[in-house]
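So the structure is just underneath, and the comments pick up after that.
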Amino acid sequence: GENVEQHPSTLSVQEGDSAVIKCTYSDSASNYFPWYKQELGKRPQLIIDIRSNVGEKKDQRIAVTLNKTAKHFSLHITETQPGDSAVYFCAADSGGYNKLIFGAGTRLAVHP
Amino acid sequence: EAQVTQNPRYLITVTGKKLTVTCSQNMNHEYMSWYRQDPGLGLRQIYYSMNVEVTDKGDVPEGYKVSRKEKRNFPLILESPSPNQTSLYFCASSSLQGGTGELFFGEGSRLTVL
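First to last, the sequence lines map onto chains A and B.
Per my numbering, residue 1 is the first one in the first sequence, and the count goes up by one each step.
Per my numbering, residue 1 is the first one in the second sequence, and the count goes up by one each step.
In structure tokens:
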């Protein structure tokens, strides 16, 4: 079955710097790769997603890149702000098994 | 307002005492799912449902039951809770099947089993 590994587990940056979180997946049949943000004490919420027919997607300060050959995808946050501090989860669909498999999460801290 | 509602939000119980966590969505979504969140393990799927009367196991179904008698409701049942089921539980729904679209999560239910 699908396995998703996420790195790093914690990330600390200064406000204004960029942050990059990387994920690898095992199932070559996976086609959908979302990223969720979970603020402290809150529910996870989708911030961006990408499907396998594109290599990159951007939404203001957030971008996701996908390399299907290498089976990895990354979240890029530019000009970080304290409000970006949260736990970020990557995920991949299970290639037809009706599941979304999540990574273990990255705790991002943005310091003023 | 479109939402997924879970109850209770917090619960402390004892080993073996049956409990039910309710989940209801008002978005007419066919796909619903339960996850548990544990430190360092991310979100792990317990059970999911693709439509009324259609349910299937996720990755960690042991010790749990679900039912889907109505489209909007997807309760999670712990017949005989044990301490290893202490966790934060999230219900989620989606308009697309198989986790291939945005998941809308409830606010979470923090369960402690003593």
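All C-beta atoms in this analysis are idealised placements derived from N, C-alpha and C, irrespective of residue type, glycine included.
| Asked | Found |
| --- | --- |
| Helix, strand or coil: which one does DSSP assign to B:P61? | coil |
| Output the boundary residues of the beta strand (DSSP E) element that contains A:T5. | As written in the sequence, residue 5 of chain A is Glu, which differs from the Thr given in the question. Note, A:E5: beta strand (DSSP E), V4 to H7. |
| Does any C-beta atom of chain A lie closer than 8 Å to the C-beta of B:E102? | yes |
| Can you check whether the CB of A:F73 is closer than 8 Å to the CB of A:Q38? | no |
| If you drop the 5 nearest sequence neighbours on each side, which residues of the same chain put their C-beta closer than 6 Å to that of A:S12? | A109 |
| State the CB to CB distance for the pair B:R76 and B:V66, rounded to an integer number of angstroms; the pair is presumed to be in contact (CB under 8 Å). | Note on identity: in this sequence residue 76 of chain B is Leu, with Arg being the wrong assignment. About 6 Å separates the two Cβ atoms, so the contact holds. |
| Of all the options A:K58, A:K42, A:I101 and A:D84, which has the alpha carbon lying nearest to the alpha carbon of A:D17? | A:D84 |
| Mind checking the segment 29 to 55 of chain A against chain B and listing, in chain order, the residues whose C-beta falls within less than 9 Å of any C-beta there? | N31, Y32, P34, Y36, Q38, G41, K42, R43, P44, Q45, L46, D49 and R51 |
| So, under 8 Å CB-CB, A:A104 and A:F33 are touching, yes? Tell me the CB distance rounded to an integer number of Å. | Not really, about 16 Å apart at Cβ, beyond 8 Å. |
| Using Cβ-Cβ distances below 7 Å, what residues of the segment 39 to 53 of chain B are close to chain E? | Structure shown: chain E not included; protein chains present are A and B. |
| Whole angstroms is fine: what's the gap from B:S95's alpha carbon to A:S52's? | 20 Å |
| Does B:S83 come out as helix, strand or coil in the three-state DSSP assignment? | With the sequence shown as reference, residue 83 of chain B is identified as Pro, and Ser is not the correct amino acid for it. Looking at B:P83 - three-state DSSP - the assignment turns out to be helix. |
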